[in-house]
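For my numbering, add 223 to where a residue sits in the sequence shown, where the first one is 1.
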Amino acid sequence: MSEPPPAEQVRLSVGWGRLLFAQTFPDSESLARAMLEEQEGQRDIAIYVQDPHLVVAEAPQDLFLDPSLTYRLDLESYEEPSAYLEGWTIERPRCREDWDAINGIYLSHQMVPVDTERVWAERDSGVFFYLVARPSAGGPVRGVVLGVDHVRAFRDPANGCSLWALAVHKQADDPGLGEALSRAVIDRFRARGRRQLDLSVLHDNEPAIQLYRRLGFQKVEVFVLKNRNPINERLFVGEPPDSGFNPYAEIILNEALRRGIRVSGADPERGLFTLSLGGRSVACWESLTELTTAIAAHRCADKSLTRQIWAEAGLRVPEQVVYESPEQAEAFLAEHGEIVVKPAVGEQGLGVAVGLRAPEETHRAIAEARALSAEVLLESCHPGEDLRVIVIQQEVVAASVRRPAAVQGDGRKTARQLIRRLSRRRSRMTGGESSIPLDAETERCLAGAGYTLDTVIPADEVVAVRRAANVHTGGTIEDVTDQLHPDLEEAALRAAEALAIPVTGLDFLVPDPGAADYVLIEANERPGLANHEPQPTAQKFMDFLFPSSIPQADWHGSR
């Protein structure tokens, strides 16, 4: 009587993911589709892939060729050791505490833990088994290994089996424990009459490779595929670029490497780099790229021009004039009661003074702004929260409320000391990108609360030390994307379209991000994408630059 044929498209769940035996799939496409069914938090592995390049070509942004080696042991010629490791008991897990210990070992090695409920339900199938090692005198589990029987899994014509997920507790004091667990797997499969035992090991895991060679394993040409996911990230992103990049560049570079996009021309000091995929290359200065035209960048940089374009598009903007004389400035102040002074060209909130009510402070603010820009703008001041909306390729990706820097008194330290301490903390948190200037604007804000830089601030009193809510001058930021009113989203899209800019950060003043009222203030042609985590700003940015790199998470309707 002839043997039944092998099973087809075998996906074996082993607790931390699935083993997909490539020889049971009819073609590259079906194997790729099966790999893309990986569950979140799991690690699927396709082994015995005969043509890995063809499978990867089916989903090049989702799959990668694992940098591992496959070793095989001929069980029929295997030589048993003259003596086995003493003092240890190797057996199947007994109880939930054993599984907790197993997962503790795996997590300590940054391996995927086992779904114990699933494994427990399959404990008597014989298709796979976990073995643990514990001291013979009693004690907790100190090592674990997985054995998979290919004959029982898919009627393997090669009469094979495999060894997986060998791990030993980092504080186990016996160097032979890994070998003992491996030999226990070998013994069990020899007893079943299996012919060969395979395993996969990372190419640079030299201690493990030496162990397997000592046991008699020989390297064979067998390939393994995995999914590009956070668990496997270190295997396919390569070495990160120079750590001298600031957080606004790093978030983009990390996303690029995650997708297999090459980084070149790296200049951390200036924030410059080039991204390349296939035949396409894009030069970047953080989130500003060559895909943003010089005209669009100029429209954002010239705040007077920005306002004019928005006003012509029917968007709500503040009253604004270009500063001409002290008399004109005082007349504008008298008309509005409270105004804003800002340089016509600038960024990062430098030279911006908000909430000016007196002629003297207005003239001082104008002098500071003129030191940064030949042209100075006077604007009507509008109450409300400072809202930054990120638009990428006509899609609102993130929205955050930005709040000005403020210090809390302790009854002992002066305002100067509190500001310096907060500034150091903000600088550490942002890689040096945020700090609070000790300038005339800070002094003006303190004076408004009745203090100077040398005043000891009473305990628990919170004092604003800036009026402009800019992250670069010490401000904080809170994500409100899910609260954004549809009218504000529409205004943001119209504002970006009017400027003809693909990537921008738009500044609104709003009474509430969930309300429809707004005033548009400024546009930033190089917004800091890192300020808006956990929103997918870097992912959307990379989708815009390299549409072909978008992960093919959903195959339905795409083929």
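Cβ atoms here follow ideal geometry from the backbone N, Cα and C, with glycine treated the same way.
Being a predicted model, the structure only gives us computed values, none of them experimental.
(message) How far does the beta strand (DSSP E) with F543 in it extend, from its first residue to its last?
(response) Taking the first residue of the sequence shown as position 1, residue 543 is located at position 320. The sequence as given places Gln at residue 543; Phe does not occur at that position. That run of the beta strand (DSSP E) goes 543-545.
(message) Would L181 and C507 be called neighbours here (beta carbons separated by less than 8 Å)?
(response) This structure does not reach residue 181, given that the chain is present from 224 up to 782, and the question cannot be answered.
(request) Give a yes or no on whether the C-beta atoms belonging to L235 and N450 are separated by under 8 Å. (result) Within the sequence shown, the letter at position 12 stands for residue 235. Within the sequence shown, the letter at position 227 stands for residue 450. Not a contact, by the Cβ cut-off of 8 Å.
(request) Give the C-beta separation of L298 and R418 to the nearest angstrom, bearing in mind that I take them to be a contact with Cβ-Cβ under 8 Å. (result) As a position in the sequence shown, residue 298 is number 75, starting the count at 1. As a position in the sequence shown, residue 418 is number 195, starting the count at 1. That belief holds up - the Cβ atoms of L298 and R418 are roughly 6 Å apart, short of 8 Å.
(request) Starting from Q419, trace the beta strand (DSSP E) both ways and give me its first and last residue. (result) Along the sequence shown, one-based indexing puts residue 419 at 196. If you look at Q419, you'll find it in the beta strand (DSSP E) that goes 419-425.
(message) When you compare the CB of T675 with every CB in chain B, is at least one pair closer than 8 Å?
(response) In summary, chain B is missing from the structure at hand, where a single protein chain is found.
(request) Leaving aside the five residues before and after L288 along the sequence, list all residues of the same chain whose C-beta is less than 7 Å from its C-beta, in chain order. (result) Indexing the sequence shown from 1 puts residue 288 at position 65. Setting aside the 5 residues that flank it on each side, L288 is surrounded in the same chain by P275, V279, F446, L448, each with a C-beta closer than 7 Å to its C-beta; the list follows chain order.
(message) Can you tell me whether W239 is helix, strand or coil according to DSSP?
(response) If you number the sequence shown from 1, residue 239 lands on position 16. In the structure shown, W239 adopts coil according to DSSP, grouped into three states.
(message) Between L277, P725, E561, which has its C-alpha nearest V516's C-alpha?
(response) Numbered from its first residue, the sequence shown carries residue 516 at position 293. Sequence check: residue 516 is Thr here, not Val. Among L277, P725, E561, the Cα nearest to that of T516 is on P725.
(request) Pick helix, strand or coil for I700, following the three-state DSSP scheme. (result) Taking the first residue of the sequence shown as position 1, residue 700 is located at position 477. Here I700 sits in strand by DSSP.
(message) For the region 582-594 against the region 544-558, do three or more pairs of beta-carbon atoms, one drawn from each stretch, fall closer than 8 Å, so that the two count as touching?
(response) With a cut-off of 8 Å, the region 544-558 and the region 582-594 count as touching, because enough Cβ pairs lie within range.
(message) Quick check: the Cα distance between A629 and L573, rounded to an integer number of angstroms?
(response) The sequence position of residue 629 within the sequence shown is 406, counting from 1. The sequence position of residue 573 within the sequence shown is 350, counting from 1. So the alpha carbons of these two residues sit roughly 17 Å apart.
(message) Using only the alpha-carbon positions, how far apart do V335 and K526 sit?
(response) On the sequence shown, position 112 is the one that residue 335 refers to. On the sequence shown, position 303 is the one that residue 526 refers to. Going from the Cα of V335 to the Cα of K526 covers about 51 Å.
(message) Please list the terminal residues of the continuous alpha helix (DSSP H) segment that includes S331.
(response) Here residue 331 refers to the residue found at position 108 when the sequence shown is read from its first residue. For S331, the enclosing alpha helix (DSSP H) covers residues 319-331.
(message) Please classify G361 as buried or exposed, where buried requires at least 16 neighbouring CB atoms within 10 angstroms.
(response) In the sequence shown, counting from the first residue as 1, residue 361 sits at position 138. Residue environment: G361 is assigned as exposed (fewer than 16 neighbouring CB atoms within 10 Å of its CB, all protein chains considered).
(request) Could you tell me if C318 is buried or exposed, where buried requires 16 or more neighbouring beta carbons within 10 angstroms of its beta carbon? (result) Residue numbering aside, residue 318 sits at position 95 when the sequence shown is read from its first letter. Counting other Cβ atoms within 10 Å of its Cβ, C318 stays below 16 and is therefore classed as exposed.
(request) Could you name the residues of the same chain whose beta carbon sits closer than 8 Å to that of W239, not counting the 5 residues immediately before and after it, in chain order? (result) In the sequence shown, residue 239 corresponds to position 16, counting from 1. When the five nearest sequence neighbours on each side are left out, the beta carbons in the same chain lying within less than 8 Å of the beta carbon of W239 are those of Q265, R266, Y329, M334, V335, P336, V337, D338, A388, in order along the chain.
(message) Given this structure, state the Cα-to-Cα distance separating D633 from D677, to the nearest angstrom.
(response) Start at 1 with the first residue of the sequence shown, and residue 633 comes out as number 410. Start at 1 with the first residue of the sequence shown, and residue 677 comes out as number 454. D633 and D677: Cα-Cα distance of roughly 14 Å.
(request) Let me know if S385 comes out buried or exposed under the rule of 16 or more other beta-carbons within 10 Å of its beta-carbon. (result) Position 162 of the sequence shown, counted from the start, is the residue given in the question as residue 385. Classification for S385: buried.
(message) With a threshold of 8 Å on Cβ separation, who are the neighbours of G780 within its own chain once the five nearest residues in sequence on each side are excluded?
(response) Sequence index remark: in the sequence shown, residue 780 carries index 557 (1-based). Any reading at G780 must be qualified, since the residue scores a pLDDT of 32, below 50, and its modelled position is unreliable; the value itself is stated next. Cβ within range, chain order: n/a, list empty.
(request) Would you decide whether D730 is buried or exposed? Buried here means 16 or more other CB atoms lie within 10 Å of its CB. (result) Taking the first residue of the sequence shown as 1, we reach residue 730 at position 507. With 16 or more other CB atoms across the displayed protein chains lying within 10 angstroms of its CB, D730 is buried.
(request) Per DSSP, which residues does Y294 bridge with? Please list them. (result) Position 71 of the sequence shown, counted from the start, is the residue given in the question as residue 294. The partner list for Y294 (beta bridge, DSSP) reads L422, K442.
(request) Could you pull out every unbroken alpha helix (DSSP H) segment of at least 4 residues lying fully inside the region 577-656, listed in chain order? (result) Qualifying alpha helix (DSSP H) stretches, in chain order: 582-593, 638-652.
(request) Assign Q441 to one of two classes, buried (16 or more other C-beta atoms within 10 Å of its C-beta) or exposed (fewer than that). (result) To locate residue 441, count along the sequence shown from 1; it is residue 218. Per the 10 Å Cβ criterion, exposed.
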